[in-house]
Amino acid sequence: MQALSRNSGGALEDIVSLTPIGVPRHKVTVASLRDKKFQHESITCLTAYDYSSARLIDESDIDVVLVGDSLAMTMLGHENTLSLTVDEMLHHVKAARRGTKNALLMADMPYGSFHVNAEEAVRNATRLVKEGGAEMVKVEGGEKRADVIRRIIDAEIPVAGHIGLTPQSVNRMGGFKVQGKSLSDIERLMRDATELDRAGVACIFLEGIPREVAEMITNEVSTPTIGIGAGPGCDGQVLVFHDILNPTFGPAAKFVRRYGDAAAEITHAVQAFRADIMSRQYPSDNESYHLSAETRQALETLLERKRLMRARRQIAAVE
Ligand code: KIV
Numbered sequence: 169m170q171a172l173s174r175n176s177g178g179a180l181e182d183i184v185s186l187t188p189i190g191v192p193r194h195k196v197t198v199a200s201l202r203d204k205k206f207q208h209e210s211i212t213c214l215t216a217y218d219y220s221s222a223r224l225i226d227e228s229d230i231d232v233v234l235v236g237d238s239l240a241m242t243m244l245g246h247e248n249t250l251s252l253t254v255d256e257m258l259h260h261v262k263a264a265r266r267g268t269k270n271a272l273l274m275a276d277m278p279y280g281s282f283h284v285n286a287e288e289a290v291r292n293a294t295r296l297v298k299e300g301g302a303e304m305v306k307v308e309g310g311e312k313r314a315d316v317i318r319r320i321i322d323a324e325i326p327v328a329g330h331i332g333l334t335p336q337s338v339n340r341m342g343g344f345k346v347q348g349k350s351l352s353d354i355e356r357l358m359r360d361a362t363e364l365d366r367a368g369v370a371c372i373f374l375e376g377i378p379r380e381v382a383e384m385i386t387n388e389v390s391t392p393t394i395g396i397g398a399g400p401g402c403d404g405q406v407l408v409f410h411d412i413l414n415p416t417f418g419p420a421a422k423f424v425r426r427y428g429d430a431a432a433e434i435t436h437a438v439q440a441f442r443a444d445i446m447s448r449q450y451p452s453d454n455e456s457y458h459l460s461a462e463t464r465q466a467l468e469t470l471l472e473r474k475r476l477m478r479a480r481r482q483i484a485a486v487e
C-alpha cells in the first residue's frame with residue numbers, strides 16, 4: 169500500500185509506504201542514511217540473496233538489504249567471491265528486489281566488473297540498477313577506485329565504498345586477514361576513507377579492521393560508516409545473513425554473533441520428514457485430496473465393469 173504524505177518539515181512531499189498493519193514507515197534512502205549519522209542513530213544492514221530472506225529482513229525494519237557478493241560462498245559454495253559474474257549477481261538482486269520494500273536495496277559489484285575501465289564499470293552498475301532494481305551499488309577498494317566511483321556516481325547511481333579487509337583482494341592479502349594493524353596501514357586506510365568521502369560515496373563499509381581505526385575513520389568522514397568486524401564505533405553494523413543464523417559449515421569469525429541456529433532447525437525438520445515418509449506417516453488422509461462421493465461411486469462402478477469384462481475375456485480364452 170502506498171500513500172503520499174507531508175513530512176514533519178511540511179514543505180516537502182515524501183512517499184511513505186504502509187506496513188500491512190497500517191503503521192507508516194519511511195522508505196530508507198541515501199539521505200536517511202546520512203541523517204542517521206548526524207542524529208547518532210545506528211544504521212542496520214544485513215545481507216540477503218533471495219526473495220524470502222529479503223522480505224523477512226525488510227519486514228524486520230532493517231535499513232539496508234545488501235545483496236553481497238558473499239553469495240558466491242554462502243549460496244553457491246565457492247571458496248571465495250572472485251568467480252561471481254554480473255549475471256549471477258543480477259539473478260539474486262532481482263529476487264531480493266521482489267522482497268524489499270522499505271529497506272534500501274544495495275548490490276555488490278562483482279570482482280572484475282569495475283576493474284577493466286570506467287565505461288565497463290558504469291555499464292555493469294547500470295545493469296544492476298535497471299535490470300536488478302538496486303538503489304545503490306557497492307565497490308570494494310579505496311583511493312585507487314575513487315575515479316571509477318566518481319564515474320558511476322556521475323551516472324546518477326549512489327555508491328557505497330568498502331575498505332579494510334576487502335574479500336575481492338584475497339589473493340593480494342594472502343587470505344582473509346585483519347587489515348590496518350600497522351601505522352602505515354592505518355595511514356593508508358585513512359587516505360582511502362577520505363578519498364571515498366571526497367568522491368561522494370553514500371556510505372563506507374569498514375571490514376576487518378581494529379575498532380580504534382574504524383572509530384577514527386568514522387569521526388573523520390562525513391559519510392556514514394557501516395562496520396563488519398570493525399568494532400562498535402561505526403555509524404552502523406552489517407552481518408552476513410548466514411552468519412547470524414548458522415546455515416554455514418565452518419567456524420565463525422570472531423566478530424560474528426549467532427542469533428539463531430537455522431542449520432539445526434533445518435536438519436531436524438528434514439530428518440523428521442524423512443522418518444515420516446519411511447514409516448508411512450506422511451502424508452496422512454487429512455493431507456490428501458479426495459474425490460467427491462458421487463465421482464468415487466461412479467469410479468467404483470466403472471472399475472467393477474472393467475473387472476467383469478476382464479474375467480469374461482479370461483474365461484473365453486480358456487474355453
Ligand atoms: O559481500 C558481502 O556480504 C559484504 C559484506 C560482508 C559487507 O560485502
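In the working numbering, the protein residues as written are 169 to 487. In this text, a Cβ means the ideal position worked out from N, Cα and C, and glycines have one as well.
Outcome for residue i when other beta-carbon atoms lying within 10 angstroms are tallied against a minimum of 16
{"i": "Phe-373", "result": "buried"}
{"i": "Arg-442", "result": "exposed"}
{"i": "Leu-333", "result": "buried"}
{"i": "Thr-212", "result": "buried"}
{"i": "Arg-359", "result": "exposed"}
{"i": "Asn-292", "result": "buried"}
{"i": "Leu-158", "result": "The first residue shown for the chain is 169 and the last is 487, placing residue 158 beyond what the model contains."}
{"i": "Lys-474", "result": "exposed"}
{"i": "Leu-467", "result": "exposed"}
{"i": "Lys-312", "result": "exposed"}
{"i": "Ser-281", "result": "buried"}
{"i": "Lys-422", "result": "exposed"}
{"i": "Asp-229", "result": "exposed"}
{"i": "Val-316", "result": "buried"}
{"i": "Thr-393", "result": "buried"}
{"i": "His-330", "result": "buried"}
{"i": "Val-298", "result": "For clarity, residue 298 is Lys in the given sequence; the question names Val instead. Looking at its Cβ environment, which holds fewer than 16 other Cβ atoms inside 10 Å, Lys-298 is exposed."}
{"i": "Glu-363", "result": "buried"}
{"i": "Ala-455", "result": "This sequence places Glu at residue 455; Ala is not what is there. So Glu-455 counts as exposed."}
Beta-ladder partner(s) of residue i, from DSSP
{"i": "Met-274", "result": "Leu-234, Met-304"}
{"i": "Val-327", "result": "Val-305"}
{"i": "Phe-373", "result": "His-330, Ile-394"}
Check whether residue i and residue j have beta carbons under 9 Å apart
{"i": "Leu-471", "j": "Leu-214", "result": "no"}
{"i": "Thr-249", "j": "Met-241", "result": "yes"}
{"i": "Ala-323", "j": "Val-290", "result": "yes"}
{"i": "Lys-204", "j": "Gly-404", "result": "yes"}
{"i": "Ala-328", "j": "Ala-264", "result": "no"}
{"i": "Leu-273", "j": "Gly-310", "result": "no"}
{"i": "Pro-419", "j": "Ala-431", "result": "no"}
{"i": "Tyr-279", "j": "Gln-336", "result": "yes"}
{"i": "Thr-386", "j": "Arg-202", "result": "no"}
{"i": "Gly-343", "j": "Gly-376", "result": "no"}
{"i": "Met-257", "j": "Leu-224", "result": "no"}
Chain-order list of residues whose beta-carbon lies under 6 Å from that of residue i (same chain, five-residue window excluded)
{"i": "Ile-354", "result": "Gly-348, Val-381"}
{"i": "Gly-399", "result": "Arg-379, Ala-382"}
{"i": "His-260", "result": "Tyr-217, Val-235, Leu-239"}
{"i": "Pro-326", "result": "Val-198, Met-304, Ala-370"}
{"i": "Val-338", "result": "Asn-248"}
{"i": "Arg-318", "result": "Ala-367"}
{"i": "Asp-429", "result": "Asn-414"}
{"i": "Tyr-219", "result": "Ala-263, Arg-266, Gly-267"}
Contact set for residue i: own chain, Cβ-Cβ below 8 Å, skip 5 residues either direction
{"i": "Arg-366", "result": "Ala-314"}
{"i": "Asp-411", "result": "Ala-420, Ala-421, Val-424, Arg-426"}
{"i": "Leu-476", "result": "none"}
{"i": "Lys-262", "result": "Glu-299, Gly-300, Gly-301"}
Contact with chain B by residue i, beta-carbon distance below 9 Å
{"i": "Asn-270", "result": "Looking for chain B here will not work: only one protein chain is present."}
Close-in-space but distant-in-sequence residues of the same chain around residue i (CB under 7 Å, 5 per side omitted)
{"i": "Met-446", "result": "none"}
Inset, instruction - Could you name each continuous alpha helix (DSSP H) segment of 4 residues or more that falls completely within the segment 189–216, going from the start of the chain to the end? - result: 198–206
Legend entry - Every unbroken alpha helix (DSSP H) inside the segment 394–433 [4 residues or more]: The qualifying runs are 409–413.
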